[in-house]
Each structure stands twice: as structure tokens, then as C-alpha cells.
Amino acid sequence: MIDSMFDEALRILTFRSGFNSAVVVAGTAALGLAGGTVGTFLLLRRRALVSDALSHATLPGIAVAFLVGAALGLPERSLPLLLAGAVASGVVGLLTVQALTRFTRLTEDSAIGAVLSVFFGLGVVLLSVIQNLELGGQAGLKTFILGQTAAMAQGEAIAIGLLAAGAALAVALLFKELRVLAFDPGFAAVQGWPVGALDLVLMGLATLVTVIGLQTVGLILVVALLIIPPAAARFWTDRLPALTVAAAVIGALSGWLGATLSALLPKLPAGAVIVLVAGGFFLLSFLFAPARGLVAAALRQGRLRLTFAERRALTDLLDGRPVEGSVALWLRLRGYIRDGALTPAGQTAAQAAARDRRLWERFLADYPALLPAHANWGVDPIDSVLPGDMVRLLEERSAPS
Amino acid sequence: MQYLWRTPGSRTAPEEASPIGPPPLEIRGLTVAYHRRPVLWNVDYAAPPGGLIAVVGPNGAGKSTLIKACLGLVPSVSGTVEVFGRPIARQRRLIGYVPQRESVDWDFPVSALDVVAMGRYGKIGWFRPVTRAHKEAALHALERVGMADFAKRQIGQLSGGQQQRVFLARALAQEAQLYFMDEPFAGVDAATERAVLQVLRDLDAAGRTVICVHHDLQTVSDYFDHALLLNTRVVAQGPVARVMTPDLLSRTYGGRPMPAPAAAAEEAEAS
Numbered sequence: 001m002i003d004s005m006f007d008e009a010l011r012i013l014t015f016r017s018g019f020n021s022a023v024v025v026a027g028t029a030a031l032g033l034a035g036g037t038v039g040t041f042l043l044l045r046r047r048a049l050v051s052d053a054l055s056h057a058t059l060p061g062i063a064v065a066f067l068v069g070a071a072l073g074l075p076e077r078s079l080p081l082l083l084a085g086a087v088a089s090g091v092v093g094l095l096t097v098q099a100l101t102r103f104t105r106l107t108e109d110s111a112i113g114a115v116l117s118v119f120f121g122l123g124v125v126l127l128s129v130i131q132n133l134e135l136g137g138q139a140g141l142k143t144f145i146l147g148q149t150a151a152m153a154q155g156e157a158i159a160i161g162l163l164a165a166g167a168a169l170a171v172a173l174l175f176k177e178l179r180v181l182a183f184d185p186g187f188a189a190v191q192g193w194p195v196g197a198l199d200l201v202l203m204g205l206a207t208l209v210t211v212i213g214l215q216t217v218g219l220i221l222v223v224a225l226l227i228i229p230p231a232a233a234r235f236w237t238d239r240l241p242a243l244t245v246a247a248a249v250i251g252a253l254s255g256w257l258g259a260t261l262s263a264l265l266p267k268l269p270a271g272a273v274i275v276l277v278a279g280g281f282f283l284l285s286f287l288f289a290p291a292r293g294l295v296a297a298a299l300r301q302g303r304l305r306l307t308f309a310e311r312r313a314l315t316d317l318l319d320g321r322p323v324e325g326s327v328a329l330w331l332r333l334r335g336y337i338r339d340g341a342l343t344p345a346g347q348t349a350a351q352a353a354a355r356d357r358r359l360w361e362r363f364l365a366d367y368p369a370l371l372p373a374h375a376n377w378g379v380d381p382i383d384s385v386l387p388g389d390m391v392r393l394l395e396e397r398s399a400p401s
Numbered sequence: 001m002q003y004l005w006r007t008p009g010s011r012t013a014p015e016e017a018s019p020i021g022p023p024p025l026e027i028r029g030l031t032v033a034y035h036r037r038p039v040l041w042n043v044d045y046a047a048p049p050g051g052l053i054a055v056v057g058p059n060g061a062g063k064s065t066l067i068k069a070c071l072g073l074v075p076s077v078s079g080t081v082e083v084f085g086r087p088i089a090r091q092r093r094l095i096g097y098v099p100q101r102e103s104v105d106w107d108f109p110v111s112a113l114d115v116v117a118m119g120r121y122g123k124i125g126w127f128r129p130v131t132r133a134h135k136e137a138a139l140h141a142l143e144r145v146g147m148a149d150f151a152k153r154q155i156g157q158l159s160g161g162q163q164q165r166v167f168l169a170r171a172l173a174q175e176a177q178l179y180f181m182d183e184p185f186a187g188v189d190a191a192t193e194r195a196v197l198q199v200l201r202d203l204d205a206a207g208r209t210v211i212c213v214h215h216d217l218q219t220v221s222d223y224f225d226h227a228l229l230l231n232t233r234v235v236a237q238g239p240v241a242r243v244m245t246p247d248l249l250s251r252t253y254g255g256r257p258m259p260a261p262a263a264a265a266e267e268a269e270a271s
């Protein structure tokens with residue numbers, strides 16, 4: 001049983017389990033890629049939650065579009081019509097958020113909360129009404145809420161892939177414009193960039209990702225594809241190009257693995273599985289990313305404390321004060337003390353520590369404003385932080401007279 | 001309003017401006033209100049070319065708002081702003097801008113060089129990437145503020161003063177004729193203060209015009225040629241020697257502005 005599931009997983013992951021599931025997995029990966037790319041700028045522009053309001057606001061539009069389709073006598077649910085309805089009511093939700101923020105004293109987060117819940121509530125009511133009507137095809141509407149990859153037809157998966165690639169391409173083309181928009185919109189406006197139009201393009205791309213993700217991931221969770229990949233990627237890099245690529249890769253991997261998993265476990269809602277995979281990437285990044293991860297930060301902090309304690313103990317010994325406890329044990333392990341006295345190596349290290357402390361104190365007394373922001377003063381060797389002529393100046397000033 | 005100014009020296013004038021042409025900045029009747037409360041009231045001002053101009057006034061006097069309204073970043077109720085004789089929207093290429101340091105998120109994933117390169121974006125144009133030549137121009141601007149060694153550093157790892165210098169370098173990279181700077185000396189260390197001052201003097205020597213919101217009355221006369229005393233209305237304007245007087249300063253800082261009787265009546269009606 002386990003073996004056969006593993007084989008199946010391997011076949012899907014490597015696109016060998018039939019054309020249809022390969023297309024679905026590839027389409028979902030493309031969706032994740034677009035989500036990560038567009039989401040990077042959405043996050044930096046602080047618009048991530050606005051797109052959550054947007055996605056929730058699509059539900060009434062889907063329901064109304066379904067009713068319109070039924071009234072027009074369409075035989076079964078027509079996907080383009082439903083998605084058009086989703087876009088329409090999503091945009092109305094978005095405009096409502098903007099109007100509430102602009103013309104009332106509500107802050108944006110309250111406006112988002114109000115719009116999100118009211119629109120979603122309206123959609124749920126409309127869906128219940130539809131359930132009680134004697135129409136065909138209404139069962140499929142539920143998949144828009146939590147998502148289902150199995151519902152994806154080949155043509156739809158291909159369309160999703162193409163649209164997602166288009167969204168990622170748009171971000172690549174507008175990379176420089178979106179960078180200045182997200183960093184400093186005021187400066188961008190002064191330089192003549194149409195800030196309002198660029199914001200509109202960004203929200204348009206977010207709408208696109210949301211709508212093509214509705215079927216797969218579902219409207220409740222689709223925002224996660226926009227937020228989680230860039231949030232996870234942020235732990236790995238401080239450069240925007242690398243961040244965008246990393247977010248795209250994490251998004252694509254989440255879509256790929258998530259679609260595979262949900263093909264194996266068809267009882268679970270696909271959206272939730274995909275989002276959980278993305279959440280797994282976030283957790284890994286948060287814990288283990290080299291520069292900004294939790295483990296790295298804890299290690300750095302621990303090393304800092306240890307270095308501080310070691311240097312302090314060494315200078316204490318130099319001044320003739322005894323050192324005890326774990327620090328003494330540590331110094332013995334490093335070979336700095338033997339029988340309670342400094343070894344030659346310890347003597348050298350202690351001299352260096354004392355000099356560093358003297359120069360650092362001089363520096364902080366004389367030039368506090370010049371302290372580099374990244375330096376751990378009192379811990380980093382002063383020669384590695386300050387330029388040589390500054391160190392020489394400090395040597396002169398702190399020389400015992 | 002007519003203003004007699006010295007003929008610009010080594011200034012490379014924009015095509016539109018003859019030696020005694022339209023002023024670098026001309027504000028007429030500019031009024032800005034937030035929630036019906038006037039922040040700027042009927043401001044008229046013509047900046048002399050090639051000068052260092054301080055905008056001085058108490059907190060809440062509308063100094064930053066004046067700059068932002070000129071640049072179109074806050075909507076104005078009425079008034080016009082012209083740069084070298086044309087509406088400011090058509091003269092973007094001639095304008096450099098140093099916003100307040102607190103106005104952006106310094107955790108943003110860009111390096112100092114990336115930020116300075118943003119000053120070149122207007123010259124690069126839509127869709128094109130930042131080329132090597134523009135990066136070199138940005139690096140040169142960083143050199144001018146003594147920050148070349150920090151080019152690759154993520155901006156959040158810089159000190160406040162260094163961040164201020166990065167903003168200044170970005171404006172230099174714009175290669176503008178008219179600079180707006182919002183408190184470039186606020187909360188900076190001595191090295192940054194010297195660097196900013198040196199840049200202002202270089203710009204002045206090159207015939208550029210700099211309009212600078214400045215909070216430190218002690219240094220206005222040392223750093224600037226001209227001052228605009230502002231407290232919702234323009235209280236005084238002109239060479240620092242003429243306007244930085246105890247009388248005018250106390251009228252600027254002493255509680256409410258003292259409007260002319262007619263303006264006071266209008267203001268009472270408006271509020």
C-alpha cells in the first residue's frame with residue numbers, strides 16, 4: 001500500500017502518470033510561480049491583505065454568474081463566465097476597500113475586514129440559494145471555496161499555465177518600475193512614473209493570480225500563494241532580484257508538490273494541501289535560513305555571548321582577577337589557561353582583548369556617532385570594523401601617558 | 001512678482017531658460033488643506049536661480065507640505081507651481097528630490113547602490129533594465145557623499161546618517177537643476193552633516209537651485225543664501241541677512257501667524 005503510493009507519487013512528480021495529471025501538476029506549479037513573483041511586490045508594497053479581500057469578494061460574483069448562466073439556458077457551468085463574475089465582484093470589493101479607506105475614517109485593515117466578511121457572507125448566502133434551486137451543475141461551485149485540482153480540465157490547466165507565465169513575465173518587464181513603486185512611491189511620482197497606474201497593474205496581476213487560482217486553491221486560501229512564498233524567500237536574501245526568483249521557486253515547488261499530494265489524496269481539499277506545503281517551506285526558511293533564520297540568529301547570539309564572556313574573562317585574568325565556573329572551563333578547553341594561570345597563547349589573546357577593549361572605549365567616548373551600524377562593538381575585533389587610520393588615531397589617543 | 005537675481009555663473013542652463021529667464025520655481029497662490037484646516041495659505045514664492053534656499057518655520061507650519069504640494073504629492077486646493085516657466089508636471093527631468101528619511105521602509109531588500117540607481121530610472125525609461133553606465137553614475141554619486149564603500153550593503157544595515165547620504169546620492173544621480181530636500185540635516189551625525197553641506201555647496205557652485213526644509217535656526221545663515229519663513233503663510237522671504245532677524249523670526253515662531261486683516265477674516269471664515 002505504502003509502496004504503491006510512493007510509486008504513484010514518483011510518477012506524478014516526474015510527470016509520468018498520464019498526460020492529464022502531468023498537465024494539472026504543471027499548471028499548478030505555474031500558478032505557484034506567478035503567485036510568488038507577483039506576491040513579492042504585493043508584500044513589499046504592503047498590499048497583501050488587500051488581495052485577501054479581493055479573493056473573498058469573488059464568491060458572490062461566481063454565484064451570480066452561475067445564476068446568469070442558468071437563466072441564459074447554458075447546459076452546464078461555463079468556466080469563463082464564472083471567472084468573469086469572479087473578477088467583476090472581486091474588483092467591486094477592491095474598490096469598496098479603497099472607497100472606505102479614502103472617504104471614511106476607517107483604517108485600511110478595518111475596511112479589509114469589513115469587505116472581506118460581508119462579500120464572503122453574501123456569496124455563501126447566494127450559494128445556499130443556488131443549492132435549493134432545481135438546477136444542474138451547482139455541486140461544482142463548492143470547489144471554488146476550498147479548491148480541487150481534480151476539477152481542472154486539461155484546457156484549463158494549460159490556460160492557467162499560460163496566464164501565470166504572462167503574469168510572471170509582466171513582473172519581469174516592470175521590475176525596475178515596481179521596485180521604485182514599492183520602495184518609495186513619492187520619489188517615483190516625482191520622477192514622473194504613473195504611480196496610480198502602476199499600482200493598478202500590480203493589483204491587476206494579483207487579481208489575475210487570484211482568479212486563475214480559484215479553482216485549484218480556492219478563494220479562501222489563494223492569498224497564501226501570494227504571501228507565503230515571498231515571506232519565506234525573504235529569509236534567504238536581501239536582494240530583490242534574488243528574492244523574486246526565490247519566491248517564484250518556492251511558489252512553483254509548493255504548487256508542484258501540493259498538486260501531487262492532492263492527486264494522491266483526493267479526499268483532501270487541494271488548496272489546503274498546497275498551502276500547507278508552502279507553509280512547510282516557510283517554516284523551514286524561518287528556522288534554517290542561513291542569515292535571517294531563527295537557528296542562525298540563536299547561534300549568532302550564543303557565539304556573541306560566548307565571545308563577550310571569553311574576552312571579559314581574559315582581561316580579568318590579565319588584571320589579576322580570578323575567573324571561575326563555565327568560562328574557566330571554556331578557557332581551559334581553548335588552551336588559554338592552565339592551573340589557573342594564562343598560558344602563552346592565553347597571554348597573547350588576553351593582550352589582544354585588552355587592547356580591543358581599550359580602543360573600543362576610546363572610540364565610543366570620542367566618536368560615538370561614527371559607529372558602524374553593523375558592528376558589535378566591544379566584541380568584534382576593532383581592526384576588522386574600523387579603518388586602519390582610525391585605529392591608529394585611537395591607539396595614539398588611548399596610549400597610557 | 002519680479003525678482004532681480006545674479007546671472008548664473010557656471011550653470012548649465014536647461015534649454016528653456018535664458019540667463020535671466022523664468023525662475024527655477026515659481027509658486028502662485030498655493031493653498032493646501034487637510035480636512036478643511038488650511039495647512040498652507042495662499043503661498044506666493046519665486047526662487048532665485050542657483051541659490052541655496054532654506055524653508056524655515058515651526059512644527060506644523062507646513063514646510064514639508066509646501067515641498068510635497070509643489071511636487072504634486074499632496075493635493076492642493078488652489079494655486080500653480082511652475083518650474084523654469086512651465087508646469088511642474090512637464091519638467092520632471094529637471095527635479096531632484098530628497099524625501100524625509102522616515103518615509104520609507106529601510107528593511108526593503110535593496111542595496112545602497114540599488115537605491116541610488118533609482119535616481120537614474122527617469123533617464124532609463126520604461127521596461128529597460130539598469131545598464132552598467134547607469135550603475136557607474138550611481139556609484140559616482142555614492143562617492144560624492146563618501147559612501148562608495150557601502151554600495152553593496154543592504155540599506156537597513158546603514159546608520160541613520162548613512163541612509164540620509166544614500167538618499168542624497170540618489171538625488172545627485174538624478175542630475176537635476178532644481179532640488180527639493182526635506183530635512184536632510186535632521187538627526188544626522190557630524191560626518192553626514194559635513195557631507196550634506198559639501199554637496200549643497202557643490203550644487204550651488206554648479207548653479208543648481210536647492211530648496212531645503214531646515215529645522216535648525218542656528219545654522220540657516222551659515223548654510224543657506226536665502227530663506228523662506230513659513231507659518232501656514234509666507235512670513236518673509238529673501239537673503240538670509242535680511243530675513244533671519246529677531247523680529248521676523250518671532251513673527252514666524254510666535255504662536256499664531258499674524259495675517260493681514262483681510263486674510264485673517266478669510267481664514268476665520270475658512271476654518
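Protein chains in written order, with my numbering: chain Z, 1 to 401; chain F, 1 to 271. Beta carbons: idealized from backbone N, C-alpha and C, even for Gly.
In this structure, F:V39 is the residue among F:L71, F:P49, F:V39, F:V74 with its C-alpha nearest to the C-alpha of P58 (chain F).
Around the C-beta of R234 (chain Z), 16 or more other C-beta atoms lie within 10 Å, and the residue is accordingly described as buried. Residues of the region 187-217 of chain Z with a Cβ closer than 9 Å to any Cβ of chain F, in chain order: F187, A188, A189, V190, Q191, G192, W193. Shown here, I274 (chain Z) sits in a helix according to DSSP, grouped into three states.
With a cutoff of 7 Å on beta-carbon distance, S398 (chain Z) and R357 (chain Z) are scored as not near each other. If you draw a straight line from the Cα of S51 (chain Z) to the Cα of R251 (chain F), it is about 50 Å long. Along the region 175-186 of chain Z, going in chain order, the ones with a CB nearer than 8 Å to a CB of chain F are F175, K176, E177, R179, V180, A182, F183, D184, G186. In this structure, the alpha-carbon of T315 (chain Z) lies about 14 Å from that of P381 (chain Z).
If you look at L25 (chain F), you'll find it in the beta strand (DSSP E) that goes 25-34. By the CB criterion at 7 Å, G251 (chain Z) and G35 (chain Z) fall inside the cutoff. Residue Z:A170 holds the alpha-carbon nearest to the alpha-carbon of G204 (chain Z) among Z:T237, Z:Q191, Z:A170. Following the DSSP letters along the chain, one finds I53 (chain F) inside the beta strand (DSSP E) bounded by residues 52-56.
Around the C-beta of A350 (chain Z), 16 or more other C-beta atoms lie within 10 Å, and the residue is accordingly described as buried. Here DSSP, grouped into helix, strand and coil, assigns T209 (chain F) to strand. Distances from the CA of P99 (chain F) to each of F:A117, F:L73, F:K123 were compared; the closest alpha carbon is that of F:L73. Residue state for T80 (chain F) is assigned as strand, using DSSP reduced to three classes. The three-state reading of DSSP puts I220 (chain Z) in coil, since its state is none of H, G, I, E or B.
From the listed residues Z:W360, Z:A65, Z:V209, the smallest Cα separation to T37 (chain Z) is found for Z:V209. Rounded to whole angstroms, the Cβ separation of A46 (chain F) and P23 (chain F) is 4 Å, and the two are in contact under 8 Å. For S103 (chain F), the chain Z residues whose Cβ falls inside 8 Å of its Cβ are D184, G186, in order along the chain. For L331 (chain Z), the closest of Z:A354, Z:D319, Z:T307 by C-alpha to C-alpha distance is Z:T307. The region 93-109 of chain Z and the region 53-64 of chain Z touch, with three or more beta-carbon pairs separated by less than 8 Å. For a Cβ distance threshold of 9 Å, residue set P109, V110, S111, D114, Q154 of chain F lies close to R239 (chain Z), ordered along the chain.
Judged by pairs of C-beta atoms under 8 Å, the region 174-194 of chain Z touches the region 117-134 of chain F, as three or more such pairs exist. Using a CB distance cut-off of 7 Å, L173 (chain Z) counts as an interface residue toward chain F. Using beta-carbon distances, L306 (chain Z) does not count as an interface residue toward chain F, since no partner is under 7 Å.
The region 189-208 of chain Z makes no contact with the region 116-128 of chain Z, as fewer than three CB pairs between them are under 8 Å.
In the three-state DSSP reduction, Q218 (chain F) falls in the helix class (H, G or I). Using a CB distance cut-off of 7 Å, L226 (chain Z) does not count as an interface residue toward chain F.
For L73 (chain F), the chain Z residues whose Cβ falls inside 8 Å of its Cβ are G186, A189, V190, in order along the chain. Excluding its 5 nearest sequence neighbours in each direction, M152 (chain Z) has C-beta neighbours in its own chain below 7 Å: V24, G27, Q215, T216, listed in chain order. In chain order, G161 place their CB closer than 6 Å to the CB of D189 (chain F), counting only its own chain and leaving out the 5 sequence neighbours on each side. Within the model, the alpha-carbon separation for A114 (chain Z) versus G85 (chain Z) is close to 21 Å.
The bridge partners DSSP lists for A365 (chain Z) come to none. For the 7 Å CB-CB criterion, L283 (chain Z) and L317 (chain Z) do not form a contact. Note on F183 (chain Z): 16 or more other CB atoms within 10 angstroms of its CB, so buried under the neighbour-count rule.
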